[in-house]
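Heads up: the sequence shown is residues 31 to 261, going by this note's numbering. Heads up, the beta-carbon is just placed ideally off N, CA and C, and yes, glycines get one too. These figures come from a predicted structure and were not determined experimentally.
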Amino acid sequence: MWVPGNGYFRFKRNVNLQTRRLAEHNCHIMELKRFRSLQSFVVFPILATSFTFGQFDLNGKIPTVAVSSTFQNGHFSEGTDGNHDTELNEKAMKIDAYFADKDLPLAGHGKTLVVEAEKNGLPWTMIAAIAMRESTGFKFACQSDRDNGFGWGGCGKIKFDSVDHAIETVARNLGGNNPNTAHYYEGKDTYGILRKYNSVIPNYPKEVLAIMKSIENYEVKDATLLAQNSQ
């Protein structure tokens, strides 16, 4: 009868060892594939979006992702970029219609007014309402600088390159994002910002707030504006 010797047992141990290594290698490859599939699934900007992940299924299913917001300052609505663009256009249309129906020069700058206000953490109607209160929508802008319809810095003291430049400058300052003027506006609510913007006229904040409300509730009647702002 044949009796296995030491060589046989060494051979069997080697086979078992190779089998275990092969099994571990295959397991590693499977886990790597699962990880890469998750990496390539979707990418969102971390600062602009907050996520809720479902449980990870060990069988390799991809977890669900729930988007809860699209703008860090909280002024943009929930949803995808497409939804935000739609909302931005609707806001711009209201501002443009508000000025266009009154035949005022600031008509057509609605999108800049909305973008710059929200970018600086301000209500989307605020800069437009200030322009209406200060110069009737740039109709009575500074004689020395027709691009200054905000009375910013006093007429003649500051020159702007364009209307959009004026909008950008005023929004950045009122949002507390200019280090030279941040101590005036930073940390204040809407009423406080308006009070600091014009501390001479007692009812100035209330007057601007009323204009903001009118713009917010304004009904767009001109279909042409719908087409222009959707581009």
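Expressed to the nearest angstrom, what Euclidean distance is found between the alpha-carbon atoms of residue 115 and residue 159? For the purposes of this step, residue 115 is taken as the residue at position 85 of the sequence shown. For the purposes of this step, residue 159 is taken as the residue at position 129 of the sequence shown. If you take the alpha carbons of residue 115 and residue 159, they lie about 22 Å apart.
Contact check, residue 153 vs residue 220, beta carbons under 8 Å: Sequence index remark: in the sequence shown, residue 153 carries index 123 (1-based). Sequence index remark: in the sequence shown, residue 220 carries index 190 (1-based). Yes.
Endpoints, the alpha helix (DSSP H) within which residue 142 is located: Sequence index remark: in the sequence shown, residue 142 carries index 112 (1-based). Here the alpha helix (DSSP H) through residue 142 covers 140-149.
Identify, in the order they occur along the chain, each residue of the same chain with its Cβ nearer than 8 Å to the Cβ of residue 217, setting aside the five sequence neighbours on each side. If you number the sequence shown from 1, residue 217 lands on position 187. Excluding residues within five positions, the ones whose Cβ falls inside 8 Å are 206.
Among residues of its own chain, excluding the 5 on either side of residue 242, which ones have a beta-carbon nearer than 7 Å to its beta-carbon? Stepping through the sequence shown from its first residue, residue 242 is reached at position 212. Cβ neighbours of residue 242 beyond the five flanking positions: 153, 155, 156 and 159.
According to the neighbour-count rule (16 or more other Cβ atoms, all chains shown, within 10 Å of its Cβ), is residue 187 buried or exposed? On the sequence shown, residue 187 is found 157 positions in, with the first residue counted as 1. Residue 187 comes out exposed.
Between residue 161 and residue 140, how many whole angstroms is the CB-CB distance? I'm expecting something under 8 Å. For the purposes of this step, residue 161 is taken as residue 131 along the sequence shown, with counting starting at 1. For the purposes of this step, residue 140 is taken as residue 110 along the sequence shown, with counting starting at 1. The Cβ separation is near 11 Å, so there is no contact.
Pick helix, strand or coil for residue 135, following the three-state DSSP scheme. On the sequence shown, residue 135 is found 105 positions in, with the first residue counted as 1. Coil, per DSSP.
Which of helix, strand or coil does DSSP assign to residue 117? The residue given as residue 117 occupies position 87 in the sequence shown. Residue 117 falls in the helix class under three-state DSSP.
Taking just the CA atoms, how far does residue 138 sit from residue 179? If you number the sequence shown from 1, residue 179 lands on position 149. If you number the sequence shown from 1, residue 138 lands on position 108. Approximately 15 Å between the Cα atoms of the pair.
Which same chain residues end up closer than 7 Å to residue 132 when comparing Cβ atoms and leaving out the 5 residues on each side of it in sequence? Reading the sequence shown from its first residue, position 102 is the one you call residue 132. Excluding residues within five positions, the ones whose Cβ falls inside 7 Å are 167.
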